[in-house]
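Residue numbers (our numbering): 2 to 570. Beta carbons are placed, not taken as given, at the ideal position from N, Cα and C, and that holds for glycine. Data first, discussion second: the structure below is written as structure tokens.
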């Protein structure tokens with residue numbers, strides 16, 4: 002393929018030649034090609050379709066990133082793309098679509114993320130059929146959870162039921178999704194280049210189903226013994242934050258990883274459920290191909306608090322009652338909308354979801370705390386229907402005494418790893434987000450890392466809520482921590498948070514980034530991580546003397562270079 006300038010020169014040259022001379026040039030060029038053994042370039046397959054719609058439903062931004070990458074790749078292949086978030090998608094357009102892809106995550110107990118809820122409900126609540134829809138679903142999830150990729154499964158199945166034809170089978174991806182997602186979309190592009198004749202497809206068996214099942218069943222379960230359980234908050238604090246140390250054998254983890262724990266339900270609640278329903282506590286019942294006593298099933302296996310809306314709907318159908326939407330515990334459900342007898346309660350047990358594991362970022366370092374795993378757990382307190390409630394797992398762990406046994410697994414997080422020892426690190430970790438950076442700092446201290454370290458920490462009050470204050474001060478004294486900036490939101494009339502401290506030190510922070518520093522954020526997703534990212538963009542724009550678009554480009558470059566990472570929840 003000649004460039005435009007070379008092509009013009011060649012065309013101008015040809016206009017000066019006679020017919021015989023043109024024939025001679027043709028023969029001459031054929032000889033040159035033969036001598037150089039040049040192989041003609043393989044023809045690039047032209048897309049068989051002109052336009053596709055790519056949508057995404059996301060909680061953390063991963064679905065959006067993947068969908069954006071897909072759109073870019075499709076455009077490079079000559080396909081026009083409409084890229085849109087599911088919460089912005091015009092639902093009436095769905096029946097008009099011919100080629101439709103969606104990338105969607107699963108939130109909580111198998112529920113769609115907020116951005117996909119309207120679309121999800123639309124598929125189930127409207128009596129329509131697709132006449133020409135060809136579609137593909139890429140589902141994101143975490144195999145630590147029992148309802149892995151449930152939202153993607155539901156959407157894929159419902160689109161097919163409504164008459165849609167799959168372009169490519171449903172692809173379910175775990176946390177390490179990059180390669181699987183890329184391979185899946187390459188297959189989609191291949192199908193779009195050679196679209197098959199339109200046929201109504203039956204539900205397919207996803208190729209990755211067996212692998213997913215293996216992942217779920219082969220997570221290595223470790224056993225830890227509680228060595229210490231200390232409330233880090235002082236008297237007068239509005240919070241309870243526990244530092245929990247466990248003795249473990251042969252546990253492999255790295256700073257940045259998380260520990261997954263499946264909590265048990267409280268005895269008093271289990272006994273109340275048994276009493277209300279009249280079922281025998283020692284009766285053997287089957288649940289998902291396993292047998293349990295009723296007590297053990299309610300205590301250790303099924304979720305009985307804050308039931309998912311889908312479970313409540315199934316329960317309503319079972320008991321023949323109209324139950325309004327909203328979070329409700331099983332005990333309250335049984336009291337307000339009772340089962341008719343113990344046999345019907347057995348049927349209700351089959352509707353319950355398994356207890357989902359809770360993930361806690363590791364607060365220890367394998368180099369500094371050999372044979373141990375440490376956690377930082379804040380007791381979750383909230384109000385539901387005017388009543389004070391507590392988080393299941395935080396209460397379970399907070400009540401642990403020394404000597405108690407805890408079963409857990411390690412959840413790897415390759416996207417939240419320390420850089421090389423000579424690199425500088427900026428850490429933003431308010432509240433329990435400090436857990437990751439206690440791990441980071443202990444690891445860098447133990448390994449004698451030469452890179453500088455800068456910590457931003459925040460909580461409510463200095464006097465009662467400065468988590469790990471003594472350790473942090475010690476790291477400053479010995480030179481491991483080069484700089485610490487703290488923000489205690491309730492110690493002054495106006496609220497002060499870590500992103501305010503970042504803005505105050507913006508010039509220095511930008512200088513660190515320019516020198517190659519890595520920046521990490523850990524802690525509450527909303528609103529903390531949003532405020533931090535907005536502050537970072539403002540710092541880049543102001544101190545880098547950039548436009549808003551240039552600041553976004555700089556920020557995106559940090560992410561592409563893995564110099565900006567976050568672990569938020």
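- Three or more beta-carbon pairs separated by less than 8 angstroms link the region 77-87 to the region 116-132, which places the two stretches in contact.
- By the criterion of at least three beta-carbon pairs nearer than 8 angstroms, the region 415-435 is in contact with the region 454-462.
- Apart from the 5 residues on each side of it in sequence, residue 449 sits with its Cβ closer than 8 angstroms to the Cβ of 422 in its chain, given in chain order.
- Between residue 452 and the set 518, 367 and 394, the nearest pair of CA atoms involves 518.
- Assigned with DSSP and collapsed to three states, residue 52 falls in strand.
- Residue environment analysis places residue 323 among the exposed positions, since fewer than 16 neighbouring C-beta atoms fall within 10 angstroms of its C-beta.
- In the three-state reduction of the DSSP assignment, residue 267 falls in the coil class, being assigned neither a helical nor a strand state.
- Considering only 285, 159, 241 and 319, the residue with the shortest C-alpha distance to residue 378 is 241.
- For residue 478, the enclosing alpha helix (DSSP H) begins and ends at 470-478.
- In the structure shown, the three-state DSSP call for residue 529 is helix.
- The residues 257, 566 and 568, in chain order, have a CB closer than 6 angstroms to that of residue 417 in the same chain once the five nearest residues on each side in sequence are set aside.
- The shortest CA-to-CA distance from residue 406 to any of 158, 397 and 274 is the one to 397.
- Contact annotation: residue 135 and residue 99 have beta-carbon atoms nearer than 8 angstroms.
- The shortest C-alpha to C-alpha distance from residue 411 to any of 446, 375, 561 and 550 is the one to 375.
- For the pair residue 570 and residue 526, the CB atoms are nearer than the 8 angstroms cut-off.
- Counting only runs of 4+ residues, the alpha helix (DSSP H) found wholly inside the region 223-288 occupies 268-278, in chain order.
- With at least 16 other beta carbons inside 10 angstroms of its own, residue 58 counts as buried.
- By the neighbour-count definition (other C-beta atoms within 10 Å, threshold 16), residue 92 is an exposed residue.
- By the C-beta criterion, the region 340-360 is judged to be in contact with the region 311-321, since at least 3 inter-stretch pairs fall below 8 angstroms.
- Separation of the CB atoms of residue 361 and residue 262 is rounded to 7 angstroms, and the pair is thereby assigned contact status at 8 angstroms.
- Contact holds between the region 294-302 and the region 262-277, because three or more Cβ pairs, one in each stretch, are under 8 angstroms apart.
- It is roughly 14 angstroms from the alpha-carbon of residue 369 to the alpha-carbon of residue 481.
- Sequence-distant Cβ neighbours of residue 305 in its own chain, meaning closer than 8 angstroms and more than five residues away, are 266, 270, 271, 274, 299, 330, 331, 332 and 353.
- Where residue 333 is concerned, the enclosing alpha helix (DSSP H) starts and stops at 331-337.
- In the DSSP annotation of this structure, the continuous segment of the alpha helix (DSSP H) that includes residue 192 starts and ends at 179-194.
- At a Cβ-Cβ threshold of 8 angstroms, residue 104 and residue 64 count as neighbours.
- Relative to the Cα of residue 438, the nearest Cα in the group 239, 255 and 61 belongs to 255.
- Taking C-beta atoms as the reference points, residue 141 and residue 106 count as a pair closer than 8 angstroms.
- Non-local C-beta neighbours of residue 284 in its own chain, meaning closer than 6 angstroms and more than five positions away in sequence, comprise 295, ordered along the chain.
- With a minimum length of 3 residues, the unbroken runs of beta strand (DSSP E) contained wholly in the region 131-165 fall at 135-141.
- Close CB contacts of residue 234 within its chain, under the 7 angstroms cut and outside five residues either way in sequence, are with 240, 241, 242, 465 and 466 (chain order).
- If you draw a straight line from the Cα of residue 490 to the Cα of residue 531, it comes to about 17 angstroms.
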